[in-house]
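S.K.:
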Amino acid sequence: MEALGLPSLNTLSPHFHNQKISQLSSKTTLCQTTWELSSSSSSIQLTTSYRTRHFKRGGIRMQAENEDYELKQVKDMAAARKRWEALVRDEKVKLLTPKEAGYAIQLSNKTLLDVRPSTERQRAWVKGSTWIPIFEVDNTADPGTVSRKVTSFVMGGWWSGVPTLSYDTQFLSKVMEKFPKDTDLIVACQKGLRSLAACELLYNAGYTNLFWVQGGLEAAEDEDLVIEGPQPLKFAGIGGMSEFLGWTDQQRVVAAKAGWGYRLLFSARLVGVFLIADALFIGAQRLGIYIQDIRSH
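Heads up: the sequence shown begins at 1 in the UniProt record's numbering, then just goes up one per residue.
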């Protein structure tokens with residue numbers, strides 16, 4: 001995901017189940033941290049792979065094993081697709097559209113389990129939903145985490161605004177503490193990927209009445225669900241420079257409906273960014289010239 005390589009956060013086969021879940025393939029992103037979801041147990045393992053290499057000129061330094069990492073991700077994605085296809089094909093996890101989920105909540109009093117991280121939950125949520133995140137923002141400051149955060153930021157985090165996340169090892173125990181295993185649970189996240197990973201974990205733990213919101217809460221229309229929070233539900237998963245400049249797909253849809261006033265706001269921001277960048281560049285040039293003059297005297 002935004003720098004997240006969890007097998008159970010990868011896409012399902014685009015030709016599976018009448019292509020009901022094909023749209024997920026375009027929404028999957030990867031991360032520097034390797035998350036492994038075991039199909040034989042309800043556990044997620046976090047590993048970060050590095051190798052020490054010796055260089056004739058540079059001595060010893062730590063370098064990520066990019067090729068090995070990418071190969072492992074391909075294998076994990078293939079394994080995840082097979083597991084998920086089996087869960088959905090055998091109806092161990094049932095599909096619901098956001099609209100169907102809204103009907104189920106209002107008419108059948110089914111529970112919506114929101115597994116999104118706090119950064120998304122705080123922006124918007126479904127009224128009456130239960131929040132137990134499967135991944136949460138990693139606020140630790142150990143060298144490994146700092147390294148992952150820096151790498152994630154450089155590799156696109158500055159643009160998407162997606163924070164570094166870590167698996168909540170208490171996720172299953174928190175769900176079990178709150179819900180019996182025969183509870184009808186509608187599991188949802190922002191884009192539909194983390195919730196599918198959660199469904200797999202819950203099924204392996206013995207939950208039998210699981211429903212997965214296809215496409216995530218982001219796919220919901222305004223009338224599908226009763227929403228609370230300071231922002232529209234579709235905006236809960238965006239951030240970074242792309243949000244600031246209004247260059248996300250969600251904001252483009254709103255801009256098409258809102259007209260020129262909405263677009264001018266973000267156009268002004270873009271001009272402001274260019275002016276600031278230009279001022280910093282000119283300032284750096286003048287500072288360099290000033291330093292050279294001091295040294296020459």
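All residues carry an ideal CB built from backbone N, CA and C; glycine is no exception. Please read all numbers here as calculations on a predicted model, not as lab measurements.
1) Are the CB atoms of N209 and D182 within a distance shorter than 9 Å?
2) Using the three-state DSSP reduction, which class does W247 fall into: helix, strand or coil?
3) I'd like to confirm the pairing. Which residues does DSSP put opposite E120 in its beta bridges?
4) Helix or strand or just coil, what does DSSP make of S129?
5) For L95 and P143, what's the separation of their Cα atoms in angstroms?
6) Starting from L172 and walking both ways along the alpha helix (DSSP H), at which residues does that stretch end?
7) So, do the segment 146-161 and the segment 90-107 have three or more beta carbon pairs nearer to each other than 8 Å?
8) Which first and last residues belong to the alpha helix (DSSP H) in which residue 314 is found?
9) Quick one: Cα of N139 to Cα of S296, how far?
10) In angstroms with no decimal places, state the Cα-to-Cα distance between E177 and N109.
11) Quick one: is F211 buried, meaning 16 or more other Cβ sit within 10 Å of its Cβ, or exposed?
12) Report the three-state DSSP secondary structure of D168 (helix, strand or coil).
M.R.: This is what the structure gives:
1) yes
2) coil
3) Paired residue(s): none; E120 is not in a bridge.
4) coil
5) 41 Å
6) 171-178
7) no
8) Because the chain in this structure spans residues 1 to 297, residue 314 falls outside the shown range and cannot be described.
9) 47 Å
10) 20 Å
11) buried
12) coil
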